[in-house]
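Data block below; observations after.
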Amino acid sequence: MNQTATPTDLSNPFAGRRPGRRWISRGVAALCIISTGLALAVLFVVLSYIGIRGFEYITPAFFTNLPLQSPEGMRNCIIGTVILVMLASVLGVPLGMLCGIYLAEYAGKSLFTHAARLVIDLLAGTPTILLGVIAWQLVVVPMHHQSGWSGALALAFIMVPIIARATEEMLRLVPHPHREASAGLGASQAQTLMLVILPAAKAGIATGIMLAIARVAGETAPLLFTALGNDQAVYDPNQPYPSLTLKIWQYSQSAELSWRHQAWTGVLALVTLVLVFTAAVRFAVRDRK
Amino acid sequence: MGVPGTRIRPGTPFVYFTAGASLAVRFRKGIRVARIDMTGMTGSEPVEQTFAYAPQNGWRKWLDRAVYGLALGGVLLTMAILLTIFVVLIHGSWLALGRIGWHFFTTQAWNPVPGRDQYGVLAFMYGTGITTLLALVFGVPLSLGVAIFITRLSPRWLAGPVSFLVELLAAIPSIAYGLWGCFVMSPWLQNYLEPAIYAVLRHIKLFPVGKYPSGRIEFFPANLVRGGPSGSDFLAGGLILTIMVLPIITAITRDVLRQFPAELEQGAYGLGATWWQTTRLALGYCRAGIFGAVMLGMARAIGETMAVIMVIGNTDSISASLFAGGQSMSGVLANEFMEADHPIYLSAMFYVALVLMVSSLLTNVSARLLLSRISGGKGTH
């Protein structure tokens, strides 16, 4: 080829022919810093509004009274959300863990494994309101009325894929020689799993479970048709169930000013619950060096 | 440590010793923790099976089988859940599928009064589509900016806290965003941002007025801001979704950008590339993963319910105006599912749910396909 033309073309694909490229570079870097600042500003603004408005209207009655009592409160809703999430965990945690154990320890490279992984990913991506519709059809229609169980089922559907993926990843992190050593001692696969792998991964799995709990504690859409909400201190899962998120939604739609104030306090309680949980998890399992 | 392909015979002392030592050392270090963050994303490499467990007898054989059966049963049950979703949605919408059929996608009107019974998903699909589009238009550049800042710009001590704070955006429940959007963002939009946009954009005539059949369908407004500032409109829906897709797209893009090989970066700098030229190289190298991240953000936006219905205005209009109110598919489900008191109405609600499920499924599948290409560890030029 032409020896004289190539050196400038080949040697420098970046420099030359682009006047001002250093200024472009600085400009883009500045834009990246600005977008980061914007994202953090949004977080700050949202959290401070929730904090300020929530604290403004907070009263002791909020934690001790029921929605229809004279200084109104949300005691039953807070307790209801906690119990609802516990019921959902009872249904969702074992199932999610079993899926994760299968995918990490038993799955080969077969078509079935790919299908299972895809299904779990798709379940994780399903709009949560649809899981509410499913739980409505499966539980509310046969029972003829809304109930805590149907809400718990909808939340469990959300938990399963999160916990499955977390468990799978955590089991994968257990160093392979652990399994080899256990097999070398003559342990069976089930013994290895229960006595070596799961104990080693338990902190990580617990993290995944707690993140799933934090996630479903803030869910509203799947509970609209299932738990329905309840103004009484009724904690029987066969009855319509009180829930903090549902109460916030209901109050935010009303024109009554004191109810809107209650909604802000409710959101403060909810966000505190979720964020403290999430941050605690994050700091409890930081990568120690 | 296992040589790949060797079978370990039970009770071999040498293997016991070496592997046992390794066991102790690893235990002392504690387990490493992979990333599971608030966006629900995880990632690690698959484990190679290098040995086989010894054949077992008696109760241990049965224990093995029982545990395997339980795990397999769990997976099958989970697969059954997804199947159940489809069965329930198709079963529920069967009546509407037969009576309305394809007209569902060509009708804008939504009139559930018994006797009238007009059902069309078009307005709701448009509402979901336009808010999702707006969220991506605002959210993708913003998320890429944050991800580039974290991976390629920020000092090391700052990267972790910024990552954590941006991920925190994903931990805030959607009802909290909804309440904030409804009582803080919407009034602010109505009083400050939208009048400013209106002052500029109302002079730009987009479509010739009066040439299109008027009536309930007003898809072609005179300009992009027809109707004037209201605060509860497509723009508000798009903005609140922007906040919600930001942490997802940022987290995945950040992880993908970290896979950009150091040799390429050093090579580019060595050739005299500027920081931005090198970053563009990284963005191009990781583009499949970034598209996957965008698709996952899009799936989140399509499925989001509470935050959107609180700011979108809740009307069934279709308008290219940013300031027009609308409704999303998930929003109409949340608002009207419980009010569906006659069979065809309820069936139409299930039909909306089915359309929502299929759109979210398609988005998710394409996202996973794009992301699985990079998690295979191959470059993506």
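So the protein lines, in turn, are chains A and B. Letter by letter, the first sequence follows residues 1 to 289 in this note's numbering. Letter by letter, the second sequence follows residues 290 to 670 in this note's numbering. Glycine included, C-beta positions come from ideal geometry on N, C-alpha and C.
Query	Result
For A/W249, I'd like the list of residues in its chain whose CB is within less than 6 angstroms of its CB, leaving aside the five on either flank, ordered along the chain.	T220
Residues of chain B with CB under 7 angstroms from A/I248, in chain order?	I464, L468
Does any CB atom of chain B fall closer than 8 angstroms to the CB of A/Q189?	yes
Excluding the five sequence neighbours on either side, which residues of its own chain have a C-beta within less than 6 angstroms of the C-beta of A/A214, listed in chain order?	V274, F277, T278
Three or more beta-carbon pairs under 8 angstroms between the region 261-272 of chain A and the region 462-474 of chain B, yes or no?	yes
Between the alpha carbons of A/G73 and A/R26, how many angstroms are there, rounded?	54 angstroms
Counting Cβ pairs, one atom from each stretch, are 3 or more of them under 8 angstroms apart for the region 118-138 of chain A and the region 180-195 of chain A?	no
Quick one: complete alpha helix (DSSP H) runs, 4+ long, within the region 226-287 of chain A?	244-252, 257-284
Comparing alpha-carbon positions, which option in B/S636, B/L611, B/A623, B/N400 lies nearest B/R491?	B/L611
Hey, does B/I486 have any beta-carbon neighbour from chain A nearer than 8 angstroms?	no
In chain B, what lies closer than 9 angstroms to A/F157 by C-beta?	I370, I374
In the DSSP output, which residue or residues are listed as bridge partners for B/N400?	B/Q407
Classify B/M275 as buried or exposed, calling it buried when 16 or more other Cβ atoms lie within 10 Å of its own Cβ.	Here chain B covers residues 290 to 670 and nothing more, so residue 275 of chain B does not appear.
Within this structure, are the beta carbons of B/I461 and A/V42 separated by less than 8 angstroms?	no
Three or more C-beta pairs closer than 8 angstroms, one from the region 353-373 of chain B and one from the region 612-630 of chain B: is that the case here?	no
Could you confirm whether any beta carbon from chain A is found closer than 8 angstroms to the beta carbon of B/G329?	Confidence is the limiting factor: at B/G329 the pLDDT is only 44, short of 50, which leaves the residue's position unreliable and the question unanswerable from this model.
Report the three-state DSSP secondary structure of B/G602 (helix, strand or coil).	strand
Check the DSSP bridge columns for B/G615 and list the partner residues they point to.	B/G602
Are the Cβ atoms of B/T567 and B/E552 separated by less than 8 angstroms?	no
Comparing the CB of B/G416 with every heavy atom of the ligand NAP, is any distance shorter than 7 angstroms?	The ligand NAP is not among the ligands present in this structure, which contains no ligands whatsoever.
How would you write the range of the alpha helix (DSSP H) that B/Q566 sits in, first residue to last?	564-574
Keeping to the same chain, check which residues put their C-beta closer than 7 angstroms to that of B/A656; ignore five residues upstream and five downstream.	G581, M584, L585, A588
Within the same chain, show all residues whose beta-carbon is closer than 7 angstroms to that of A/T64, passing over the 5 residues directly before and after it, in chain order.	G73, R75
Measure from the C-beta of A/P242 to each C-beta in chain B and report whether the shortest distance is under 8 angstroms.	no
From A/A201 to A/L91, what distance separates their C-alpha atoms?	21 angstroms
Is there at least one Cβ from chain B nearer than 8 angstroms to A/Y102's Cβ?	yes
Compare the Cα-Cα distances from A/P240 to each of A/T226, A/Q253, A/R21, A/S252 and report the closest residue.	A/T226
Taking 8 angstroms as the threshold (C-beta atoms), are A/I34 and A/G96 in contact?	no
Quick one: which residues of the region 119-130 of chain A get their C-beta closer than 8 angstroms to a C-beta of chain B? List them in chain order.	V119, I120, D121, L122, L123, A124, G125, T126, P127, T128, I129, L130
Could you tell me whether the Cβ of A/C32 comes closer than 8 angstroms to any Cβ of chain B?	yes
Determine the contact status of A/L223 and A/G132, defining contact as a CB-CB distance below 8 angstroms.	yes
Could you check which residue in A/M159, A/V196, A/L38, A/S254 has the C-alpha nearest to that of A/L211?	A/M159
Kindly indicate the opening and closing residues of the alpha helix (DSSP H) around A/T81.	75-101
Any beta carbon from chain A within less than 8 angstroms of B/Y574's own beta carbon?	no
A/G229 to B/F523, Cα distance in whole Å?	30 angstroms
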